[in-house]
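Trainee:
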Amino acid sequence: MHLQIRRISTSSAFLVGMALHGLIGFLVGIGLAVIAGVDVPAGTEPSFVQRLGAWAIIVVPFVYGVGGGLVTAIAATLYNAVAAVVGGLRIEIRAAGRPERSKNDHSKHDDET
Numbered sequence: 007m008h009l010q011i012r013r014i015s016t017s018s019a020f021l022v023g024m025a026l027h028g029l030i031g032f033l034v035g036i037g038l039a040v041i042a043g044v045d046v047p048a049g050t051e052p053s054f055v056q057r058l059g060a061w062a063i064i065v066v067p068f069v070y071g072v073g074g075g076l077v078t079a080i081a082a083t084l085y086n087a088v089a090a091v092v093g094g095l096r097i098e099i100r101a102a103g104r105p106e107r108s109k110n111d112h113s114k115h116d117d118e119t
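Mapping of the sequence shown onto our numbering: residues 7 to 119, in sequence order.
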């Protein structure tokens with residue numbers, strides 16, 4: 007069965023983008039916090055990452071999450087505008103447990119909906 011994604015909810019896209027980017031930001035924040043734990047050689051100025059320290063675990067996921075959510079919402083808005091003109095993405099789905107059609111079965115064409 008072929009279906010078409012005609013519209014993406016921008017609020018839903020924002021939430022999903024924020025969650026995914028926030029998770030990535032958390033992992034990056036952990037890495038930055040570990041780097042910040044490295045001793046600063048005597049007589050040198052600590053870097054921004056070293057000054058950020060453990061706050062990286064809080065600040066970086068927030069920044070990544072909000073920024074990623076905004077970018078994802080903008081992408082969804084652009085998709086909606088383009089899909090209104092040229093049509094949405096076509097996807098193919100099948101019910102779980104149903105066997106897939108043979109590759110040699112040409113009885114159904116891709117143009118059918």
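C-beta atoms are modelled at their ideal positions from N, C-alpha and C, and glycine is treated no differently.
I'd like the ranges of any beta strand (DSSP E) spanning at least 3 consecutive residues and lying wholly in the region 29-70.
Mentor: Runs found: none.
Trainee: How many angstroms separate the CA atom of H27 from the CA atom of V91?
Mentor: The residue labelled residue 27 in the question sits at position 21 within the sequence shown. The residue labelled residue 91 in the question sits at position 85 within the sequence shown. Approximately 30 Å between the Cα atoms of the pair.
Trainee: Do you know offhand how far I30's Cα is from M7's?
Mentor: Indexing the sequence shown from 1 puts residue 30 at position 24. Indexing the sequence shown from 1 puts residue 7 at position 1. Near 34 Å, if we compare the C-alpha coordinates of M7 and I30.
Trainee: With I97 as the anchor, note down where its beta strand (DSSP E) starts and where it stops.
Mentor: By one-based count along the sequence shown, residue 97 stands at place 91. Per DSSP, I97 belongs to the beta strand (DSSP E) from 95-98.
Trainee: Let's see if you can read the secondary structure: which residues bound the beta strand (DSSP E) around I14?
Mentor: Along the sequence shown, read from residue 1 onward, the residue named residue 14 stands at position 8. Careful: I14 lies outside any beta strand (DSSP E) and carries neither H nor E.
Trainee: Would you grab the beta carbon distance between G23 and V77 for me? Rounded to a whole angstrom, and I think it's under 8 Å.
Mentor: Counted from its first residue, the sequence shown places residue 23 at position 17. Counted from its first residue, the sequence shown places residue 77 at position 71. Contact flag correct, Cβ pair sits at about 7 Å.
Trainee: Assign G103 to one of two classes, buried (16 or more other C-beta atoms within 10 Å of its C-beta) or exposed (fewer than that).
Mentor: Counted from its first residue, the sequence shown places residue 103 at position 97. Exposed is the call here.
Trainee: By the three-class DSSP mapping on this structure, what secondary structure does G23 have?
Mentor: Within the sequence shown, numbered from 1, the residue matching residue 23 stands at position 17. If DSSP states are grouped into helix, strand and coil, G23 belongs with the helices.
Trainee: Within this structure, are the beta carbons of G35 and I63 separated by less than 7 Å?
Mentor: Within the sequence shown, residue 35 is the residue found at index 29, counting from 1. Within the sequence shown, residue 63 is the residue found at index 57, counting from 1. Yes, they are a contact pair.
Trainee: With H, G and I counted as helix, E and B as strand and the rest as coil, what does DSSP make of A82?
Mentor: In the sequence shown, counting from the first residue as 1, residue 82 sits at position 76. Here A82 sits in helix by DSSP.
Trainee: Does G59 get closer than 7 Å to chain B when you measure Cβ to Cβ?
Mentor: Among the protein chains of the structure shown there is no chain B, as only one such chain exists.
Trainee: Using the beta-carbon count (16 or more within 10 Å), is T119 buried or exposed?
Mentor: In the sequence shown, residue 119 corresponds to position 113, counting from 1. Note that T119 scores 48 on pLDDT, short of 50, meaning its location in the model is unreliable and no value can be drawn from it.
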